[in-house]
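Remarks on the structure that follows.
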Amino acid sequence: MSYMNKAAEMIAERIGNITHESSFYETKAWGVEAQPDFLNKVLICTTSLRPKEVLDHCLTIEKELGRNRKEKWGSRIIDIDILYADQEIIVSKELNIPHPFLHERRFTLVPLCEVMPDQLHPIFNLTNEQMLERCLDPLEVIVLNHK
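To convert, note that position 78 of the sequence shown is 77 in numbering that gives the first Met the number 0; the numbers rise steadily by one, no gaps.
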């Protein structure tokens, strides 16, 4: 949790004001199973930065905290994903918003529903709560510190 707390501090300093944050959640690893459990948390920020600038800051923060990008979905110290940018839809080589796997991952949807259940997905036209209800991901999501 210390890496996640440090990342949140860095996000607040470099990207913008954190207006909401979820509890911490734990799940089994997603994608590559033979690795430690994942810890997850959702932060909601206000920013004047463009999404690509936010991504650049996120990648820098990950690197400064010791992230080494070797294996897709492999074990990592920290992983910062941009889930939404208001109602923007961005599809590019380096950035996809909304996050393309958002609707498939309970470990993202559960904390997201804690802080913004009624946020409408701009492509599926479903709220986060509706996507969670339809999500087929079997992994259990365990709250560690309910806010």
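We treat Cβ as the ideally placed atom computed from N, Cα and C, and that holds for glycine.
Residue i classed as buried or exposed, judged by whether at least 16 other C-beta atoms fall within 10 angstroms
i    : result
L135 : exposed
A6   : buried
Q118 : buried
I141 : exposed
E139 : exposed
L143 : exposed
E63  : exposed
Beta-carbon spacing of residue i, residue j below 9 Å
i   : j   : result
F23 : M9  : no
P97 : N39 : no
Delimiting residues of the beta strand (DSSP E) encompassing residue i
i   : result
I43 : L42 to T45
T26 : Y24 to T26
L38 : F37 to N39
N16 : N16 to E20
Spatial neighbours of residue i in its chain, beta-carbon cut-off 8 Å, leaving aside the 5 residues before and after
i    : result
F37  : E25, T26, K27, A28, W29 and F106
M130 : L101, H102, L108, H120 and F123
Candidates the options: closest to residue i by CA position
i    : options                  : result
N124 : P137, E113, R66 and I88  : I88
A84  : V114, R49 and Q129       : R49
V90  : L111, R66 and P121       : P121
H154 : E103, C112, E20 and E12  : A question about residue 154 goes unanswered here, because the residues of the chain that appear run from 0 up to 146.
E103 : P137, I77 and P35        : P137
L54  : T126, S1, M115 and I14   : I14
L101 : R66, E128 and A33        : E128
K92  : E63, S1, K51 and E139    : K51
D78  : L58, E113 and L143       : L58
G65  : L82, R133 and S1         : S1
Q86  : E132, T126, A33 and R133 : T126
M115 : L82, Q34 and N67         : L82
Cβ neighbours of residue i in the same chain (closer than 7 Å, five flanking residues each side left out)
i   : result
N16 : C44 and T45
The alpha helix (DSSP H) enclosing residue i, as first and last residue numbers
i    : result
T107 : R105 to V114
P50  : P50 to E63
S1   : S1 to R13
R133 : N127 to R133
Close beta carbons around residue i, own chain, < 6 Å, minus the five adjacent residues each side
i   : result
E20 : L42
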